[in-house]
Amino acid sequence: FHENLGKCNHLKTIRFRETDLSDVIFKLGPVTKNSSITHWTVSICTLGVLEAKHLFNTFREMKILEELYISLSGSNGKCVNGVNSDLDDDIMAGCIPSLATCAGMQTLELNDLNIS
Numbered sequence: 003f004h005e006n007l008g009k010c011n012h013l014k015t016i017r018f019r020e021t022d023l024s025d026v027i028f029k030l031g032p033v034t035k036n037s038s039i040t041h042w043t044v045s046i047c048t049l050g051v052l053e054a055k056h057l058f059n060t061f062r063e064m065k066i067l068e069e070l071y072i073s074l075s076g077s078n079g080k081c082v083n084g085v086n087s088d089l090d091d092d093i094m095a096g097c098i099p100s101l102a103t104c105a106g107m108q109t110l111e112l113n114d115l116n117i118s
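The sequence shown lines up with residues 3 to 118 when you count with this note's numbering.
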């Protein structure tokens, strides 16, 4: 499924919910290079260090990305499958500058990324 999804070049919105992104993010391939994506949502997902770096590097290519929402835990404060993220200030400090190229960004919400 994910390999086929990676072939789509007309997607405008991508949403992941309660997903282990380590199994998904690297398989999306060309869809993450798609310049027509305007909305990206990650909610209650497992996002490891490698996946976070890959994902944020991908955002460099998304000049028209308008909305980015990432929240790794739900309203109960629990991450998917009870797994907490290994992300921290140092890792996120290397990731966040990639958002500077998103000239169309109107809404940015980053939650539960262990940023102090």
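Heads up, the beta-carbon is just placed ideally off N, CA and C, and yes, glycines get one too.
Proximal residues to residue i (C-beta, below 8 angstroms), its chain only, five neighbours per side dropped
i: PHE28; result: GLU53 and HIS56
i: GLU20; result: SER45, ILE46, CYS47 and VAL82
i: THR40; result: LYS14, THR15, ILE66, LEU67, GLU68, GLU69 and GLY106
Counted within 10 angstroms of its Cβ, other Cβ atoms place residue i as buried (16 or more) or exposed
i: GLY84; result: Summary for GLY84: the model assigns pLDDT 49, below 50, so the residue's position carries little reliability; its value from the coordinates is reported in the next sentence. It is exposed - the Cβ of GLY84 has fewer than 16 other Cβ atoms within 10 Å.
i: ILE93; result: buried
i: THR60; result: buried
i: THR34; result: buried
i: CYS97; result: buried
i: CYS104; result: buried
Per DSSP, cross-strand counterpart(s) of residue i
i: HIS41; result: THR15 and GLU69
Cut-off 7 angstroms between Cβ atoms - residues of its own chain near residue i, not counting five sequence neighbours on either side
i: HIS12; result: SER38
Cβ shell of residue i (< 6 angstroms), same chain only, five flanking positions each side left out
i: LEU89; result: ALA54, LEU115 and ASN116
i: ASN113; result: SER73
i: PHE58; result: CYS97 and SER100
i: VAL51; result: ASP88 and ILE93
i: SER118; result: ASP91
i: SER24; result: GLY50 and GLU53
Whole-angstrom C-beta distance between residue j and residue i, which should lie under 8 angstroms
i: THR43; j: TYR71; result: 5 angstroms
i: GLY106; j: GLU63; result: Going by Cβ atoms, the distance from GLY106 to GLU63 rounds to 13 angstroms, so no, they are not a contact pair.
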